[in-house]
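Just so you know, we're using the UniProt record's numbering here: the sequence shown kicks off at 1 and counts up by one.
Note that the Cβ used here is the ideal one computed from N, Cα and C, for glycine as well.
Quantities reported herein were computed from a predicted structural model and do not represent experimental measurements.
Just below is one structure, and these are the notes that go with it.
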Amino acid sequence: MRPVLACRMTLAADGTIEDNIEFFAATIESKAKLAYDDVSDWLEGRGSWQPDSEAIAQQITLLKDVCQRRSEWRQTHALVFKDRPDYRFVLGEKGEVLDIVAEPRRIANRIVEESMIAANICAARVLRDKLGFGVYNVHTGFDPANTEQLAALLKTHDVHVDPTEVLTLEGFCKLRRELDAQPTGFLDSRIRRFQSFAEISTEPGPHFGLGLEAYATWTSPIRKYGDMINHRLLKAIIKGETIARPQDEATVQMAERRRLNRMAERDGRRLAVRPFPQR
């Protein structure tokens, strides 16, 4: 048995998260240790793996249904990233790269992803409504100084946008859906330089990249300090306690650490791939 911070939400038939979101302290007991490929194979009707019990089978099937409804809702009302495989490095005894394996994102991966995104949407809404602050991932889309250039560039490729409308969440989502429908990612790569950078803020704000009005992560408090802060804020709400707004200095430092982490990850991948023989 383990103590946890849990979230209860109600989904409408179309995948909408209802307003009766509840966070509460609980204890959980793990009933099974599952592997992504085993679950995906079972849901896709192949392979020999089977759930250990009917209860686990029903839970997996329910999670698949939740995943599909939430994915359809996000495709209609928000934004969904295109499916791209993850890449895993196979290393030798001396750390040399022996192989690079592409691992496609399958239904079990998408179940976890949709569950986490839904949970983070709930946290963003509760923190906004109950406290008016939290640790939010904020992305405002395009830099206002660049939208005229953006519109001019897109016009040369027969894509027409209003420089003012594209600064709104609805306008940004509309453009993103049009670009996602393009046969290649050429235009997407061309306009990337016009976009603003994602930020970490104590003020609720939209996340244009996800197409959401607000987004606050809390599912990885051991790995991410911002998630730990949101845990503390949510627990204060549960207990009815007063809690101070996180200091801006903390969010600035978190943003800088995230930037350095991404640079290190990028450089590490480049160093690993460089000596890898071309095939």
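- Taking a contact as a CB-CB distance under 8 Å, the pair Tyr36 and Arg106 counts as one, their CB atoms being some 7 Å apart.
- Taking 8 Å as the upper bound for CB-CB distance, Ile238 and Ala25 are in contact here, some 6 Å apart.
- With respect to the 8 Å criterion, Ile200 and Val135 are classified as neighbours on the basis of their beta carbons.
- Close CB contacts of Thr27 within its chain, under the 8 Å cut and outside five residues either way in sequence, are with Met1, Arg2, Pro3 and Val4 (chain order).
- Residue state for Leu131 is assigned as coil, using DSSP reduced to three classes.
- When only Cα atoms are considered, Asp129 and Tyr87 end up about 39 Å apart.
- With a threshold of 16 other beta carbon atoms within 10 Å, Trp73 meets it and is buried.
- The beta carbons of Leu127 and Leu233 sit about 6 Å from each other, so the pair counts as a contact at 8 Å.
- Remark: C-beta atoms of Val101 and Val112 do not approach each other more closely than 8 Å.
- The alpha-carbon separation between Gln182 and Asp267 amounts to approximately 30 Å.
- Val252 and Thr10 have their C-alpha atoms spaced approximately 34 Å apart.
- The DSSP-derived three-state label of Arg262 is helix.
- Between Glu114 and Arg84, the gap from beta carbon to beta carbon reaches 8 Å or more.
- Here the segment 154–168 makes no contact with the segment 257–266; the two share fewer than three CB pairs at distances below 8 Å.
- Look at Ile111 here: in three-state DSSP terms it is helix.
- Nearest C-alpha to Gly209 among Gly171, Arg245 and Ala152: Gly171.
- By the Cβ neighbour-count rule, Phe23 is buried, with 16 or more other Cβ atoms within 10 Å of its own.
- The C-beta separation of Leu79 from Arg8 comes to about 26 Å, leaving the pair out of contact by the 8 Å criterion.
- Within its own chain, the residues whose Cβ lies closer than 7 Å to the Cβ of Ala12, once the five positions on either side in sequence are excluded, are Glu18, listed in chain order.
- By the 16-neighbour rule on beta-carbons within 10 angstroms, Ala57 is exposed.
- In the DSSP assignment, Arg176 falls outside any beta strand (DSSP E) and within the unbroken alpha helix (DSSP H) covering Leu169 to Asp180.
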